[in-house]
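In my numbering, the protein residues as written are 831 to 1510.
Contents: one structure, followed by commentary.
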Ligand code: IVH
């Protein structure tokens, strides 16, 4: 085979593997093999420079640095669509009505193609006879910029279309940065102490307008096709969804999250479904787009003031907004964790009004250098705590030096609430106040946690009241709660007699609790509700938990070294033991039992190994049923294995079992025995 043939073969092969890997997310060869083919092509092209063409996969890595971008007039203008924020059902109904009214004889139900509104940068890809010739930005819609070099670095964009020989095919779509790539890029930059990207959209825009394509190649972007520009020599399908299907067969990335809907009601359904999964998508979107599906109807509908009458975008509430910082405070959490929080000019973002946003920790605060008076981007996505993404720097504006956040507090400072020493352990991102329950902030949070619905469940003991009780030094420790009496409560400001009585009653009622609630209410680090339940079930008695060592704790399912260590430390502290004793002396009680650690189950001490496919139950089911009977289920066979359960197509583990003379059961024997043991 000569070089010409081999080069052609390698290019086809590499593009195919690239497509499987990047577009279909389904790699067909190992990375190392791909690299080998890639290097072979590179070296052939170096030996035969005349054979190098722009559609070669080697040309994606970025060529020479540009002086600037060349303006290009679009063959067909790149228009935008009407965008509405009124996303209630009336929005969809209004659109449907507008469409129907504009048509001479509208069909019974209009068919729409529903898509996502990707949050990136609009790009026009010009293919001539299947080859990517030019890529341009939207610009002002009439003229854009030639960004071909940078667009070539996007691995999901084919340099050559599959089975498309159209004389001209302009594909329009959105270049974007996935959340994964955005986070990975920022993590790396942070490690190097370099500037980070504010959000994926800016990341995409900045990358495409990058004059050095090698730098562009380092920030991986993706692309979704959503429409066409100029087309010559290709017979169009009759619907927009048909166009998207065809683009996908040409090897172009088209988002799967699209449906053909009929009538306004189905548009509303799509909107709701996407709004619910917005935060779990791997990329940012800012809404949905509805397009009349029939191209004939689109042509009849035409345009009004440069916007197609046949399409509309319904935006979701923005997850990012600009606002100003009024102040910066350090908040002290229940476990003493210190969190810098920006106090903001209230702003509507992600569906609610936000006036506090976290700055996370010292390093993040330093990196962002947020100062009082700054304009910042606040982000609130889903139910996540609102955060300050970054400062918007305005070159004309002098920054407020006085507003610089006093990191001194962190460096050698004291807890802002109780003035105890603060510590930041190596490898930890957070500073912690060592004041424990001496610290009023920690005490307040600890009491609120203790009284919480899933803990001791003291009804009516809310934030305001706890604040009052702690600030007036009425409650200094958890047991003090149960020392509250009617006269003390009634004497508090703004406290009616009736409310005081309700609190006393609620406290009394809360004394009758369960072991896991009590354990959870103590607020031991890393001991959440589930762990508390596991511990209570396993040990049955508080004293056994208090006396357990790390080794014993580790035998509890789902308890790892961090939890075990934390428990041992907590119950090692005399102060904590006293708190527990006082609470019990004040009448806090629960039922105890022997604990399953002391019960001898039918399979206690036995080790089972599962292998092959079981027909009537999943491996996980078999495992949990065996474990519930006290067995350990291991992953490999050894001399210590008591029994191997072999399903169909069992392989090396079965061989090993035979070799070691370990008992082997088939599925039927396992089932018969399980049923038998479970009955006892
Ligand atoms: S269609 C003539 N579809 O939103 C119709 N646009 O003004 C042209 N966008 O900046 C646009 N996702 O880049 C269309 N599925 C989608 C889109 C989409 C995002 C962007 C587009 C433009 C703006 C629309």
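For glycine and all other residues, C-beta sits at the position ideal for the given N, C-alpha and C.
Given the structure is predicted, the values throughout are model-derived calculations rather than measurements.
- Taken from the Cβ of residue 1138, at least one heavy atom of ligand 1 lies inside 7 Å.
- Contact between residue 1166 and residue 1282 does not hold, since their C-beta atoms are separated by about 18 Å, which reaches or exceeds 8 Å.
- For residue 1057, the three-state secondary structure derived from DSSP is strand.
- Around the C-beta of residue 1274, 16 or more other C-beta atoms lie within 10 Å, and the residue is accordingly described as buried.
- By alpha-carbon distance to residue 1261, the top candidate from 1360, 1320 and 1160 is 1160.
- The region 951-999 is shown to contain whole beta strand (DSSP E) runs of 3 or more residues at 951-958, 961-967 and 973-975, in chain order.
- Distance check between residue 930 and each of 883, 1122 and 1295 places 1122 closest, using alpha-carbon atoms only.
- Taking non-hydrogen atoms of ligand 1 into account, the C-beta of residue 948 is found less than 7 Å away from one of them.
- The alpha-carbon of residue 831 is positioned some 10 Å away from that of residue 839.
- Counting along the chain, no beta strand (DSSP E) covers residue 876; the unbroken alpha helix (DSSP H) around it starts and ends at 861-877.
- Collapsing the DSSP output to three states places residue 913 in a strand.
- A direct Cα-to-Cα measurement between residue 1058 and residue 1278 gives close to 58 Å.
- If you look at residue 1144, you'll find it in the beta strand (DSSP E) that goes 1141-1145.
- Using a 10 angstroms sphere on the CB of residue 1214, the tally of other CB atoms stays under 16, which defines it as exposed.
- A direct Cα-to-Cα measurement between residue 1132 and residue 1156 gives close to 49 Å.
- The region 1439-1463 contains, as complete alpha helix (DSSP H) runs of 4+ residues, the segments 1449-1458 (chain order).
- The criterion of a C-beta distance shorter than 8 Å is satisfied by residue 1153 and residue 1175.
- In this structure residue 1053 is in contact with residue 987, their Cβ atoms being roughly 5 Å apart against a cut-off of 8 Å.
- By the Cβ-count criterion, residue 1021 is exposed, with fewer than 16 other Cβ atoms from all chains shown falling within 10 Å of its own Cβ.
- Around the Cβ of residue 1404, a 10 Å sphere holds fewer than 16 other Cβ atoms; the residue is exposed.
- Leaving aside the five residues that flank residue 1217 on each side, the residues in its chain whose CB is nearer than 6 Å to its CB run, in chain order, 1187, 1188 and 1209.
- Here residue 1448 is exposed. Its C-beta has fewer than 16 other C-beta atoms within 10 Å.
- In this chain, residue 1015 is not harboured by any beta strand (DSSP E); it is covered by the alpha helix (DSSP H) spanning 1009-1021.
- Residue pairing from DSSP leaves residue 1129 without any beta-bridge partner.
- The region 1355-1398 contains, as complete alpha helix (DSSP H) runs of 4+ residues, the segments 1359-1369, 1372-1377 and 1380-1383 (chain order).
- Taking one beta carbon from each stretch, the region 1405-1414 and the region 1304-1321 have 3 or more pairs nearer than 8 Å; the two touch.
- If you draw a straight line from the Cα of residue 1432 to the Cα of residue 1459, it is about 6 Å long.
- Put simply, the backbone Cα of residue 847 is about 7 Å away from that of residue 859.
- Counting only the Cα atoms, residue 834 lies some 36 Å from residue 1056.
- In the three-state scheme derived from DSSP, where H, G and I count as helix and E and B as strand, residue 1161 is classed as strand.
- The beta carbon of residue 857 lies closer than 8 Å to those of 847, 850 and 851 in the same chain, with the five residues before and after it left out.
- For residue 1122, the beta-bridge partners assigned by DSSP are 942.
- Closest in alpha carbon position to residue 991, among 952, 1062, 1471 and 1078, is 1078.
- The alpha helix (DSSP H) runs lying completely inside the region 1267-1312 and spanning 4 residues or more are 1270-1281 and 1293-1301, given in chain order.
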